[in-house]
Amino acid sequence: MSDQQSFDTLLRNLRGGDVSVQLTEELDRMHTAMLEMVNEHHAEAKGSITLKLNFKTDPKGVVHIDPDITSKLPRPKPGTAVRWLSSSGFAEHDPAQQSLPLRGVPSIEHREERP
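Residue numbers (my numbering): 11 to 125.
This is the structure in C-alpha cells:
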C-alpha cells in the first residue's frame, strides 16, 4: 500500500488548512467581481485563479511545499480617448471639420413678446 496522499488531501492540509481557506476566499472574490461585471457593466467577465506548488527537498529527504496563489480578477476596460493628429500635436477636435459659429440664445425672461 502506498503512502501517497491524494491531491485534495494534500491541498486540504497545506499550512494547516490555510491554503484551502485562501483559495475559497479567492473564489468568492472572483464570483463577486464576475457578477459585478455582468450586472453593472453588462460586459464579458474573464478571470483566473492560479495555484502553484513549489517543491524542494533537503538532503535528508524532507520535502518543503510552498504554495503560491495568484488571481486575476475581471476588471472593466477603461474608455479610450480620441484625438486627431495635427501639425502642433494631438488635437481635441478634428482639424478637417469646420466649426459652426455658435451664438447665445436669450432666456425666456429676456425675450420680447411678438404681436
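Backbone N, C-alpha and C fix where the C-beta goes; we use that ideal spot for every residue, glycine too.
Note that the structure is a prediction, hence the values are computed from the model and not measured.
Q.
Short of 8 Å in beta carbon distance, which residues of its chain neighbour aspartate 104, apart from the five on each side in sequence? Order them along the chain.
A. Excluding residues within five positions, the ones whose Cβ falls inside 8 Å are Trp94.
Q: Could you check which residue in His52, Ile59, Glu50 has the C-alpha nearest to that of valine 29?
A: Nearest C-alpha to valine 29: Ile59.
Q. Is it a yes or a no for the stretch 37-47 touching the stretch 78-95, going by three-plus beta-carbon pairs under 8 Å?
A. These segments touch.
Q) So what does DSSP say about histidine 41, is it helix, strand or coil? A) Here histidine 41 carries a helix assignment [DSSP, helix/strand/coil].
Q: Reducing DSSP to helix, strand and coil, say where threonine 60 ends up.
A: Strand.
Q: Confirm, please, whether the CB-CB distance from phenylalanine 65 to valine 72 is below 8 Å.
A: For valine 72 and phenylalanine 65, no; Cβs fall outside 8 Å.
Q: To the nearest angstrom, report how far apart glutamine 32 and leucine 21 are at their CA atoms.
A: Near 11 Å, if we compare the C-alpha coordinates of leucine 21 and glutamine 32.
Q.
Mapping the DSSP letters down to three states, classify serine 109 as helix, strand or coil.
A. Three-state result, serine 109: coil.
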